[in-house]
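Enquirer: If you use the working numbering, the sequence shown corresponds to residues 383 to 535, in order.
Don't be surprised by glycine CBs; every beta carbon is placed ideally from N, CA and C.
Note that this is a predicted model, so its numbers are computed, not measured.
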Amino acid sequence: MNVQSHLEKIARLESLRGRLDPLEDFELWFWAGMTAGTHAVNAALHHGGITASDDMYPTQPGVYLVPQPDGGLSAAFRSVGDILHVGRPVIETPVPEDVTSMMHLMETIEQYRDPCVREGVVPTATIVKECDAALGQCLRLLNDRLNGNGYEH
Numbered sequence: 383m384n385v386q387s388h389l390e391k392i393a394r395l396e397s398l399r400g401r402l403d404p405l406e407d408f409e410l411w412f413w414a415g416m417t418a419g420t421h422a423v424n425a426a427l428h429h430g431g432i433t434a435s436d437d438m439y440p441t442q443p444g445v446y447l448v449p450q451p452d453g454g455l456s457a458a459f460r461s462v463g464d465i466l467h468v469g470r471p472v473i474e475t476p477v478p479e480d481v482t483s484m485m486h487l488m489e490t491i492e493q494y495r496d497p498c499v500r501e502g503v504v505p506t507a508t509i510v511k512e513c514d515a516a517l518g519q520c521l522r523l524l525n526d527r528l529n530g531n532g533y534e535h
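1. Which whole-angstrom value is the C-beta distance of Tyr446 and Arg460, which I expect to be below 8 Å?
2. Tell me Leu405's beta-bridge partners as DSSP assigns them.
3. Exposed or buried, Thr441, counting other C-beta atoms within 10 Å across all chains shown (16 or more means buried)?
4. Could you round the C-beta distance between Asp384 and Ser435 to whole angstroms and report it? I think they count as a contact, below 8 Å.
5. Helix, strand or coil: which one does DSSP assign to Gln386?
6. Have a look at Val472 and Leu517 and give me their C-alpha separation to the nearest angstrom.
7. To which residues of the same chain is Asp437 closer than 6 Å at the C-beta, ignoring the five residues directly before and after it?
8. Using three-state DSSP, classify Leu466 as helix, strand or coil.
9. By the 10 Å Cβ neighbour count, where 16 or more other Cβ atoms means buried, how is Arg401 classified, buried or exposed?
Set out below in structure tokens:
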């Protein structure tokens, strides 16, 4: 995907999150936030020239669905384009400090995925606040990068 496509998805996901109750609708709210943050990291990686912004969609590390001339999609091995989650796949190229910070913020959010979504830990206001703050900072860092606030393109 390209930077603009990621930004459009972030906007839609943030709109959805705004309509959800973070505690009562935690799973949807959480997934929307985690997905928005992953799109932000991908946009920053593409913007920095670290990963390819090709028209392809990840299915697992190193495997992408690539558009075909007939309009379909076909699985193909490719170098890193979009990541699925921070660390999947690992980025071998040096990553700028702001993008590294974004990745750490996503790890802050993702630490709650399994306990709260898969293992039955009841989310708390503290967890919601921590996830929301991490995503907000991640999105601010992306915005700073895209607006040229001291970061290389």
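Expert: The structure says:
1. About 5 Å; that satisfies the 8 Å criterion.
2. DSSP lists no beta-bridge partner residue for Leu405.
3. Classified as exposed, Thr441 has fewer than 16 neighbouring CB atoms from the shown chains inside 10 Å of its CB.
4. Looking at the sequence shown, residue 384 is not Asp but Asn. With 8 Å as the limit, Asn384 and Ser435 qualify as a contact, their Cβ atoms being about 4 Å apart.
5. Three-state result, Gln386: helix.
6. Roughly 21 Å separates the two Cα atoms.
7. Closer than 6 Å at the Cβ level, and outside the excluded window around Asp437, lie Pro449.
8. Three-state DSSP puts Leu466 in coil, outside helix and strand.
9. So Arg401 ends up on the exposed side.
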